[in-house]
Amino acid sequence: QANISKSQGEIRALKTAVESYYIRYGSYPTALTQLWAATTYPRIIESAMYDPFGATTTTVYRYARSTNNAYYVIWSIGPDGTSDITGISTAGVVTPANRDDDVWTSNGSGT
């Protein structure tokens, strides 16, 4: 339960960072690493956030952007250690519909 709560909090922080990136650059990042690995300052966030359910302690949260750059989804693989989410459509629908125990957020509809 503690790792679920940690994931939820960190994913909210990452969502805020992704939205800040959009405000600054006019598009969503192609990868979460663009939030902390920027060569220019200020960075959006100072350092990587790691999925507590990842295979290693350096497994970052997953991220996908729709091909039309209008929607994104950020997720943790959840307690079962298996990623169910595969992406997000150009209509903002997170896929697949059965997301089991993944912890996630999106600026799309999610359904």
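For the sequence shown, my numbering begins at 71 and goes up steadily by one.
Ideal Cβ positions, reconstructed from N, Cα and C, are used throughout, including at glycine.
Remember, predicted model here, so these are calculated numbers, not experimental data.
Between the CA atoms of Ala125 and Gly151 - distance to the nearest angstrom: 7 Å
Thr127 versus Ile93 - alpha carbon distance: 31 Å
First through last residue of the alpha helix (DSSP H) which encompasses Tyr95: 72-95
Reference Ala83; option with closest CA among Ser97, Ala108, Asn168, Tyr131: Tyr131
CB of Pro122 within 8 Å of CB of Asn168, strictly: no
Neighbourhood of Val173 by C-beta, 7 Å cutoff - its chain only, sequence neighbours within 5 removed: Ile74, Ser77, Gln78, Ile81, Trp145, Ser146, Gly148
DSSP-derived helix/strand/coil call for Thr109: coil
Residues sharing a beta bridge with Tyr133, DSSP: Ile144
Buried versus exposed call for Tyr95 [16 or more other C-beta atoms within 10 Å across all chains shown]: exposed
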